[in-house]
Amino acid sequence: MSRHPAPDELLLDYATGALPEGPALVLALQCALDPATRRTVGQLRDIGGALLEQEDGPAFEESALEQVLAKLDGVAVDSPPVSVPAAAPRGFEWAPAPLVPYLGTAPRWRKVLGGFERMPIRLAHDTHRVELLRLEPGHGLPVHHHVGEEYTIVLQGGFTDSTGNYGVGDFATGPGSQDHEPIADPGSACIALIVLEKPIVLTGPWGRWFNPLVKRGWL
């Protein structure tokens, strides 16, 4: 079971198909890695129709959401049909099935100034910036904060920052205006998929020099 599941409100949006492609990919990956999240999404899909039929308006009231979430433990969910996913490319055996179609046939990491590697993920119908990051143990991302939403799912290894420790299947959200510096844990290289609504803002000593490059997607 994931120590850091996605928030209930986000799971409900995913279950009802309300999320853009980038955030939906993060939730699909957590469902693939965490049975508890997968069960919750299945339960939400089963009972979410009751909310959609409300005549009070398109917005879900908090009280209605709480009532639905309170019913989850008592709802039985049938297992969906099992399909055989496409094989992950060589060297990417860690990739969960929902990610494989985004990798192409010959995915490659690109080294980035700061000692980590990245791989952009192209979306067809979404403006979120999505990419895979790979950090060797003890290495991390530069100190930064966020001016938009950030969603992260750990696919291999783990990392630690000011908000906690995250391992495979854990979901993390950016801490907003609070500076943080994710550092890869000892052991395997940390591989995570991140989804950004807006570019990060570097706040270290050299941040003001590199932020224009970050905004252009060069870093």
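Just so we're aligned, residue 25 is where the sequence shown starts under my numbering, counting upward by one. By construction, the Cβ of each residue, glycine as well, lies at the ideal position given by its N, Cα and C atoms.
- Taking the CA atoms as reference points, C214 sits about 7 Å from V178.
- By the Cβ rule, the stretch 140 to 157 counts as touching the stretch 36 to 55, because three or more pairs are nearer than 8 Å.
- With a beta-carbon spacing of about 13 Å, G139 and E205 fall beyond the 8 Å limit used to define contacts.
- Annotation for G211: P161, G181 and G182 place their beta carbon closer than 8 Å to its own, counting only its chain and skipping 5 residues before and after.
- Contact between A216 and T184 is ruled out by a C-beta separation of about 12 Å, above the 8 Å threshold.
- Less than 9 Å separates the beta-carbon of P144 from that of V154.
- Within the same chain, and ignoring the five residues on either side of V50 in sequence, the residues whose Cβ sits closer than 6 Å to its Cβ are Y175, I177 and V219.
- The three-state secondary structure of T40, taken from DSSP, is coil.
- Measuring C-alpha to C-alpha distances from G128 to each of A111, K135, R134 and I71 identifies A111 as the nearest.
- Shown here, T64 sits in a helix according to DSSP, grouped into three states.
- Per DSSP, the beta bridge partners of D185 are G188.
- Pairing D209 with G198, the inter-Cα distance amounts to about 18 Å.
- Comparing alpha carbon positions, the residue from I71, D203, A30 and E141 closest to L57 is A30.
- When secondary structure is reduced to three states using DSSP, G46 falls in the helix class.
- The closest CA to that of L68, considering only P59, E141 and D32, is found on D32.
- Beta bridge pairing from DSSP links E174 with L220.
- Exclusion of the five residues before and after A119 leaves A112 as the residues of its chain whose Cβ lies within less than 6 Å of its Cβ.
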